[in-house]
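When you number the sequence shown by my numbering, it's gap-free, plus one each residue, and the end is 115.
Some notes on the structure that comes next.
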Amino acid sequence: MTTTTTVRREVDLPGAPGEVWAALSEPERLAARFGAEAAGEFGPGGRLMFRWPDGSRRDATIEEWEPERRLAFRWAPFDRALDGRTRRMPPTRVRFELQPAPGGTHLEVREEAA
Numbered sequence: 002m003t004t005t006t007t008v009r010r011e012v013d014l015p016g017a018p019g020e021v022w023a024a025l026s027e028p029e030r031l032a033a034r035f036g037a038e039a040a041g042e043f044g045p046g047g048r049l050m051f052r053w054p055d056g057s058r059r060d061a062t063i064e065e066w067e068p069e070r071r072l073a074f075r076w077a078p079f080d081r082a083l084d085g086r087t088r089r090m091p092p093t094r095v096r097f098e099l100q101p102a103p104g105g106t107h108l109e110v111r112e113e114a115a
């Protein structure tokens, strides 16, 4: 039996889609959202790296990049500790979907098993 877990959250934000997109697609602003340093190639097919305050690191690959509409990336199936050891992690897919809404932007965030 296979179980698929999906975590989904929706929120209406006061900023226009372009402002919300910037918060997701600019490394320093995305870093603030994740509580981790974010670096890499932000764009279609880009490879990202997130490094948390404890020194652990996890990589991701951008699968969808539609400015002001959709950003999706897939986490690598492992993370790396500060000492270089790797640990197996579930390879989930995270998707941010933006839609204009009265007074701002409707944002749906979904993470599901890959």
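C-beta: ideal position from N, C-alpha, C; glycine also.
Residue i by DSSP, collapsed to three states: which one?
i	result
Ala53	Going by the sequence as given, residue 53 is Trp instead of Ala. Residue state, collapsed to three classes: coil.
Glu38	strand
Leu83	coil
Arg9	strand
Gly19	helix
Ala24	helix
Glu69	coil
Gly105	strand
Ala114	strand
Quick one: what's residue i bridged to in DSSP?
i	result
Phe74	Ile63 and Val95
Leu31	DSSP output for Leu31 lists no bridge partner at all.
Beta carbon of residue i, beta carbon of residue j: below 8 Å?
i	j	result
Thr75	Pro92	Correcting the residue identity first, residue 75 is Arg in this sequence and not Thr. Closer than 8 Å, so yes.
Ala77	Arg94	no
Arg111	Thr6	no
Asp60	Arg48	yes
Arg71	Glu98	yes
For this session: Indicate whether the contact test is met: 3 or more Cβ pairs, each with one atom in the segment 75-88 and one in the segment 9-23, closer than 8 Å.
Result: With the rule of 3 Cβ pairs closer than 8 Å, the segment 75-88 does not count as touching the segment 9-23.
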